[in-house]
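Chemist:
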Amino acid sequence: GPPIPRQDRENILECYHRLMLILFKPWRCIDDLRIKDQSWKDAFETFLPECPSEFKEIMDNMQLQHECRDSRDDYFDS
Numbered sequence: 381g382p383p384i385p386r387q388d389r390e391n392i393l394e395c396y397h398r399l400m401l402i403l404f405k406p407w408r409c410i411d412d413l414r415i416k417d418q419s420w421k422d423a424f425e426t427f428l429p430e431c432p433s434e435f436k437e438i439m440d441n442m443q444l445q446h447e448c449r450d451s452r453d454d455y456f457d458s
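So for the sequence shown, my numbering puts the first residue at 381; every next one is plus one.
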């Protein structure tokens, strides 16, 4: 499948916020993920304070994996 979006790229940040909500916020229908007319960013920022620390660690580790790949690629490119 497609890679998990990064949290450090502005052009895919909306995708990142949406996917993190889908993966970590309990929901049964799409309306559980965000309020009508609310942006994915605002919904994600509203969710973060109530998000369990274990989930935050997983999100951080997903980003860390991207950064490690960048470092590996930079190393082999030079």
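Every residue gets a Cβ at the ideal spot worked out from N, C-alpha and C, and that includes glycine. The structure displayed is predicted, hence computed values, not measured ones.
Pair every Cβ in the region 445–458 with every Cβ in the region 418–432, then say whether three or more of these pairs are closer than 8 Å.
Modeler: no
Chemist: For C431, which three-state DSSP category applies?
Modeler: Numbered from 1 along the sequence shown, position 51 holds the residue referred to as residue 431. DSSP places C431 in coil when its eight states are reduced to three.
Chemist: I'd like the span of the alpha helix (DSSP H) that includes R398, first residue to last.
Modeler: What you label residue 398 is simply residue 18 of the sequence shown in a count that begins at 1. Segment L393 to F404, the alpha helix (DSSP H) holding R398.
Chemist: Could you check the C-alpha separation between I402 and D440 for me, to the nearest Å?
Modeler: As a working note, residue 402 is residue 22 in the sequence shown. As a working note, residue 440 is residue 60 in the sequence shown. I402 and D440: Cα-Cα distance of roughly 16 Å.
Chemist: Our contact map puts R408 next to H446 with C-beta atoms below 8 Å; I'd like the distance itself, whole angstroms only.
Modeler: Reading the sequence shown from its first residue, position 28 is the one you call residue 408. Reading the sequence shown from its first residue, position 66 is the one you call residue 446. Not confirmed; about 30 Å, so no contact.
Chemist: Assign L444 to one of two classes, buried (16 or more other C-beta atoms within 10 Å of its C-beta) or exposed (fewer than that).
Modeler: Position 64 of the sequence shown, counting from 1, holds the residue named residue 444. Classification for L444: exposed.
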